[in-house]
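According to UniProt numbering, the residues represented by the sequence shown are 1 to 720, in order.
Where is the CB? At the ideal position from N, CA and C, for every residue including glycine.
Being a predicted model, the structure only gives us computed values, none of them experimental.
Just below is one structure, and these are the notes that go with it.
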Amino acid sequence: MAVNLVNTKISTQVLNFQPGGSPASFEVTVVNESNQFASFQIEIIAAGSSESLGTNWYSIKPAVSAKNPPGDSTKFEVTITNTPVAGFIGKMNLIVRIFSLELRDEDRQLLRLIVEAGIGTVPMQVELPIREFTTQPQGIIEIPVRVFNPSQLPASVSLKPIGLKPQWFINGNEKLLPVPPGNKAETSFLCQLPIAEEVPSQAYTFTIEANYPNGLPSSSKEGIVNVTPSGFIDFQCTPEKQQIPASRPWLPQFKVNSTTYQLECQNHSNITQKISIEVKEDEENKRKCFWEVQPEFVEVNPGEINNLQLLISKRRQWLGRQQKRVFKVKAIVSDTRVNINNENQYLQLIIHPILHPWLQLGLGILLLYLLWFLSWLNPNNPFFGHRRAVTFVQFNGTGDRAVSSSQDQSIIRWKIAGFTNPFVNQDDGRMAKDIGKSVRIVRYKPVDNDVVAAGLENGEIQIWDVLGGTKKPKVTFSFNKADRVLGLEFSQDSRFLFSGHGSGLVVQWDVNSALLDDEETMTKPIKYKDVKFPVYTLTIAGQDKQNLVIAGRYNSLAVWNFSQDKLWKIPYNPPGSQNDYIVSMDSPEYKPHLLATADNMGQIALWNMTQCLKDSKNQCQILEKWSDGHGGKAVRSVALSRDGCYLASGGDDNRVMLWPLTQAGKRISPVGQVIRKEKQRFNSVDVKVVKNKILIISGNDDHKIRLDIRDLNRNFGCKQ
1 MAVNLVNTKI STQVLNFQPG GSPASFEVTV VNESNQFASF QIEIIAAGSS ESLGTNWYSI
61 KPAVSAKNPP GDSTKFEVTI TNTPVAGFIG KMNLIVRIFS LELRDEDRQL LRLIVEAGIG
121 TVPMQVELPI REFTTQPQGI IEIPVRVFNP SQLPASVSLK PIGLKPQWFI NGNEKLLPVP
181 PGNKAETSFL CQLPIAEEVP SQAYTFTIEA NYPNGLPSSS KEGIVNVTPS GFIDFQCTPE
241 KQQIPASRPW LPQFKVNSTT YQLECQNHSN ITQKISIEVK EDEENKRKCF WEVQPEFVEV
301 NPGEINNLQL LISKRRQWLG RQQKRVFKVK AIVSDTRVNI NNENQYLQLI IHPILHPWLQ
361 LGLGILLLYL LWFLSWLNPN NPFFGHRRAV TFVQFNGTGD RAVSSSQDQS IIRWKIAGFT
421 NPFVNQDDGR MAKDIGKSVR IVRYKPVDND VVAAGLENGE IQIWDVLGGT KKPKVTFSFN
481 KADRVLGLEF SQDSRFLFSG HGSGLVVQWD VNSALLDDEE TMTKPIKYKD VKFPVYTLTI
541 AGQDKQNLVI AGRYNSLAVW NFSQDKLWKI PYNPPGSQND YIVSMDSPEY KPHLLATADN
601 MGQIALWNMT QCLKDSKNQC QILEKWSDGH GGKAVRSVAL SRDGCYLASG GDDNRVMLWP
661 LTQAGKRISP VGQVIRKEKQ RFNSVDVKVV KNKILIISGN DDHKIRLDIR DLNRNFGCKQ
């Protein structure tokens, strides 16, 4: 036979309960009949009780007893607070179940409960089947509500959400729900949230309040509507294009170096955002601008507009074109759960120079004019070229330099490349200036071309270093200061210099000794000859280079063999009066027997000097002569190319002519080639063949030096 380890006694077998009245209670005494410590619990079971009530219709104290020793007892007090079956009136059996987890045993007692008609109101039981909702602004949610009527009478229950705005509910925020006694009824509220700006993202708590006539109000447990982040941030920059200065860029406006952009942030989301700005300059290879965002960030609530300012500054350049800069401006938000419209803005900035291009153009033209005025390109520039009539010009041996003299008492060295290249200054510097008297003639020393000899109006002959840099000549020869120098010629070996004077003297100077600072040779010539006529021009002729041809007034022509000290005259046709002069002569280096002469009556003559230089008794052969080359006007200068194939001439008809010659020394054509025509007469010319070009340099009364270049016409008849 099983031993009952749990002994139970209840204080009463019949209990009366009236809903709405006082609670009904009874005691349960439990005795531990086991031989160990044990705790006890009680459970009340009513036939047909409502699941919705669960154990809420009664209470037990204590809920669990302490562990009792064997033979000890525990008392429980059970209080009935509600009817186990909603709306029930009459008798019903309750089972009192007593159990122990330690003993794994239980005991059951039967209690008869008499439920009388209620005497008061009973609150409705409201519950939310779904207590948590998640939605976005403008989203629609349906909130279901379940109501249980625990009373014994039907009820018309008024339901109303508390905690949510009334305007959110589509069909209103209040509903009437009939609920039969002891039964449940369900309904729902349809809710649509407003736009994002009006419903911040957060958890909205609410309850459903229930009321019915003559009844007690009740409410549900708390529900939650979670509004998720939604919407967007609208980011705009105004204006998108700026310029520095903002207006009237044609004015200098020296102190204007910055501009401002307005950065507008409009919060169309349901989140309060902290917005900052990131700026990047697009051009990495250019000098960067400086920028500053004020304030550093702004806090924008939903539906609000706030502005930041982007200040960009850059020191403007004085000159040049306008500069274009592009800036990438990016909006950065503290909460990235919402999008940004136009997150990246590209701003343009045009930076004008301090001097507007039109002003630059005007100043540039003025500056160019000033530079031109002060440059070698300006023929009237006081710092370049001669200021008075040019008296003589001559190429150096290689044809890349030339030298000229002038009535302005100066000697100038010229770069030939500068006449064809505007970026090269043809004026290579003044070898001498303000030397006291006009320079009538200047000659390169044939060997090395390192010095030039200059003949002056005061009778002095000065030797100047070609490189210049000195204010005084290296050597000065002086025989008679009242006897002006009209002609100069170096010997072929450059040891001697011959000078022709207005008195008729032809003087031979020792150049080498003078350059070695032998002062005696500067005043005492080696020898001299009086040819009895003013000497205007000299040249070395003949194969042995020992014959100095002398010409001058009265159309006089003479030869001085300075090695044998013999002097003889050569007939010239036509003979001249005191107003007739042979003013220029030249003999080519490679054909020393050929001689060209020119006089002030316009006649040019070509001579074969072979026979008359061998024997003074022989007549010189005139190869050809003509007077129409310069329209019958005086020919001031003739020059032969080194190979004797080209003759250049210049004269009072303001023209420079070129005459190709045959091997015999005659003109190929009776009509010469006009090289240049100006408004004033030409006083000196020289000709040089360099590679496949013919260079003709000339100087005239308008104080200018000119270079003309012609293609070599392959004068085969000359070089056969």
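| said: Could you compute how far the alpha carbon of V85 sits from the alpha carbon of G21? | reply: By one-based count along the sequence shown, residue 85 stands at place 85. By one-based count along the sequence shown, residue 21 stands at place 21. In a straight line, the C-alpha of V85 is about 16 angstroms away from that of G21.
| field | Terminal residues of the alpha helix (DSSP H) in which W626 lies | value | The residue given as residue 626 occupies position 626 in the sequence shown. Looking at the DSSP string, W626 is not in any alpha helix (DSSP H); the run it does join, the beta strand (DSSP E), is Q621 to W626.
| query | Do three or more CB pairs link the region 310-318 to the region 347-358 at distances below 8 angstroms? | reply | yes
| Is it right to say A246 is buried, meaning 16 or more other beta carbons lie within 10 angstroms of its own, or is it exposed? | Walking along the sequence shown from the start, residue 246 turns up at place 246. Exposed, because fewer than 16 other Cβ atoms sit within 10 Å of the Cβ of A246.
| Using DSSP with H/G/I as helix, E/B as strand and the rest coil, what is G418? | Mapped onto the sequence shown, residue 418 falls at position 418. Helix at G418.
| said: Once DSSP output is grouped into helix, strand and coil, what is the label at V28? | reply: Along the sequence shown, one-based indexing puts residue 28 at 28. It is a strand residue.
| query | When the Cα atoms are used, what is the spatial distance from I161 to V115? | reply | As a working mapping, residue 161 is identified with position 161 in the sequence shown. As a working mapping, residue 115 is identified with position 115 in the sequence shown. The identity of residue 161 in the sequence shown is Pro, whereas the question assumes Ile. Cα-Cα distance, rounded: 35 angstroms.
| query | What separation, rounded to the nearest whole angstrom, lies between the Cα atoms of Q619 and R387? | reply | Here residue 619 corresponds to residue number 619 of the sequence shown, with the count starting at 1. Here residue 387 corresponds to residue number 387 of the sequence shown, with the count starting at 1. Going by the C-alpha atoms only, they are around 44 angstroms apart.
| message | If I measure Cβ to Cβ from W318 and keep anything under 7 angstroms in the same chain, skipping five residues before and after, which residues do I get? | response | For the purposes of this step, residue 318 is taken as the residue at position 318 of the sequence shown. Excluding sequence neighbours, W318 sits near P353, I354 and L355.
| query | Under 7 angstroms, do N683 and G699 count as touching if we go by C-beta distance? | reply | Your numbering for residue 683 matches position 683 in the sequence shown. Your numbering for residue 699 matches position 699 in the sequence shown. Contact: yes.
| Ordered along the chain, which non-local residues of its own chain (more than five positions away) have a Cβ less than 6 angstroms from that of S52? | Taking the first residue of the sequence shown as position 1, residue 52 is located at position 52. Unreliable positioning characterises S52 in this predicted model, as indicated by a pLDDT of 48, which lies under 50. The coordinate reading is nonetheless provided below. The answer, listed in chain order, is F148.
| query | How about Q348: is its Cβ closer than 6 angstroms to a heavy atom in the ligand MN? | reply | Judged by which ligands are present, the structure shown has none, so any question about the ligand MN falls away.
| task | Could you check the C-alpha separation between L647 and T476 for me, to the nearest Å? | result | Sequence index remark: in the sequence shown, residue 647 carries index 647 (1-based). Sequence index remark: in the sequence shown, residue 476 carries index 476 (1-based). Straight-line Cα distance between these residues: approximately 33 angstroms.
| field | Distance, Q394 Cα to E678 Cα | value | Counting from 1 along the sequence shown, the entry for residue 678 is found at position 678. Counting from 1 along the sequence shown, the entry for residue 394 is found at position 394. Approximately 20 angstroms between the Cα atoms of the pair.
| query | Since G542 contacts P592 with CB under 8 angstroms, what's their CB separation in whole angstroms? | reply | Along the sequence shown, one-based indexing puts residue 542 at 542. Along the sequence shown, one-based indexing puts residue 592 at 592. 5 angstroms between Cβ atoms; contact.
| query | Once you ignore the five residues that flank E460 on each side, which residues in its own chain have a CB closer than 6 angstroms to its CB? | reply | If you number the sequence shown from 1, residue 460 lands on position 460. If we look at E460 and ignore the five residues flanking it on each side, its Cβ neighbours are T476 and S478.
| field | Integer-rounded CB distance, given that S406 should sit under 8 angstroms from H630 | value | Sequence index remark: in the sequence shown, residue 630 carries index 630 (1-based). Sequence index remark: in the sequence shown, residue 406 carries index 406 (1-based). The pair is not a contact, with the Cβ atoms about 22 angstroms apart (cut-off 8 angstroms).
| message | Restricting to runs no shorter than 4 residues, where is the alpha helix (DSSP H) found entirely within the region 510-541? | response | 511-515 and 520-523
| message | Between which residues of its own chain and T207 is the CB-CB distance below 6 angstroms, once the five residues before and five after are set aside? | response | Numbered from its first residue, the sequence shown carries residue 207 at position 207. Around T207: I162, S219, S220 and E222.
| Nearest candidate by alpha-carbon position, reference D653, set Q603, T662, G644 and V6 | Taking the first residue of the sequence shown as 1, we reach residue 653 at position 653. The shortest Cα separation from D653 among Q603, T662, G644 and V6 belongs to Q603.
| query | Given a threshold of 16 other Cβ atoms within 10 Å of its Cβ, counted over all protein chains shown, does Y590 qualify as buried or as exposed? | reply | Taking the sequence shown and counting its residues from 1, the one referred to as residue 590 is at position 590. Label assigned to Y590: exposed.
| Assigned secondary structure, E186 (DSSP; H/G/I helix, E/B strand, else coil) | Position 186 of the sequence shown, counted from the first residue, corresponds to residue 186. Note: E186 maps to strand in three-state DSSP.
| said: At the level of alpha carbons, what is the spacing between P200 and G172? | reply: Position 200 of the sequence shown, counted from the start, is the residue given in the question as residue 200. Position 172 of the sequence shown, counted from the start, is the residue given in the question as residue 172. Cα-Cα distance, rounded: 22 angstroms.
| Residue closest to F37, alpha-carbon to alpha-carbon, out of F26, F17, P69 and S25 | Within the sequence shown, numbered from 1, the residue matching residue 37 stands at position 37. The shortest C-alpha separation from F37 is found at P69.
| said: Here's the rule I'm using: 16 or more other beta-carbon atoms within 10 Å means buried, otherwise exposed. How should W372 be labelled? | reply: In the sequence shown, the residue the question calls residue 372 occupies position 372. Classification of W372: exposed, given that the 10 Å Cβ count is below 16.
| Going by the beta-carbon positions, is the gap between G399 and V656 smaller than 7 angstroms? | In the sequence shown, the residue the question calls residue 399 occupies position 399. In the sequence shown, the residue the question calls residue 656 occupies position 656. Contact flag unset, no.
| message | Only counting the same chain, and skipping five residues up and downstream in sequence, which positions put a Cβ closer than 6 angstroms to that of V225? | response | Reading the sequence shown from its first residue, position 225 is the one you call residue 225. Hits under 6 angstroms: F133 and Y204.
| request: Return the Cβ separation of V78 and Y58 in integer angstroms, given the expectation that the two are a contact with Cβ distance under 8 angstroms. | output: As a working mapping, residue 78 is identified with position 78 in the sequence shown. As a working mapping, residue 58 is identified with position 58 in the sequence shown. Confirmed, about 6 angstroms.
| query | Should N270 be labelled buried (16 or more other beta-carbon atoms within 10 Å of its own) or exposed? | reply | Position 270 of the sequence shown holds residue 270. With 16 or more Cβ atoms within 10 Å of its Cβ, N270 is classed as buried.
| said: Beta-carbon within less than 8 angstroms of S616's beta-carbon, same chain only, minus the 5 sequence neighbours each way: which residues are those? | reply: One-based indexing of the sequence shown puts residue 616 at position 616. If we look at S616 and ignore the five residues flanking it on each side, its Cβ neighbours are V559, K566 and W568.
| query | Closest by CA to K490, which one among R484, I244, P19 and G500? | reply | Within the sequence shown, numbered from 1, the residue matching residue 490 stands at position 490. In the sequence on display, residue 490 carries Phe and not Lys. Of the listed residues, the one whose Cα sits closest to F490 is G500.
| message | On the DSSP bridge list, what partners appear for C191? | response | Translated into positions along the sequence shown, residue 191 becomes position 191. Its beta-bridge partners are I141 and F169.
| request: Determine the extent of the alpha helix (DSSP H) in which F373 is found, giving its start and end residues. | output: On the sequence shown, residue 373 is found 373 positions in, with the first residue counted as 1. P357 to L374 is the extent of the alpha helix (DSSP H) around F373.
| query | Any idea what DSSP makes of K255, helix, strand or coil? | reply | Residue 255 sits at position 255 when you count from the first residue of the sequence shown. Three-state DSSP puts K255 in coil, outside helix and strand.
| message | Quick check on this structure: which residue in K437, Y369 and V466 has the alpha carbon closest to the alpha carbon of D413? | response | As a first step, residue 413 must be located in the sequence shown, where it is residue number 413. Note that residue 413 is Arg in the sequence shown here, rather than Asp. Nearest C-alpha to R413: V466.
| At which residues does the alpha helix (DSSP H) containing T79 begin and terminate? | Here the question's residue 79 lines up with position 79 in the sequence shown. T79 -> not in any alpha helix (DSSP H); beta strand (DSSP E) instead, spanning S73 to I80.
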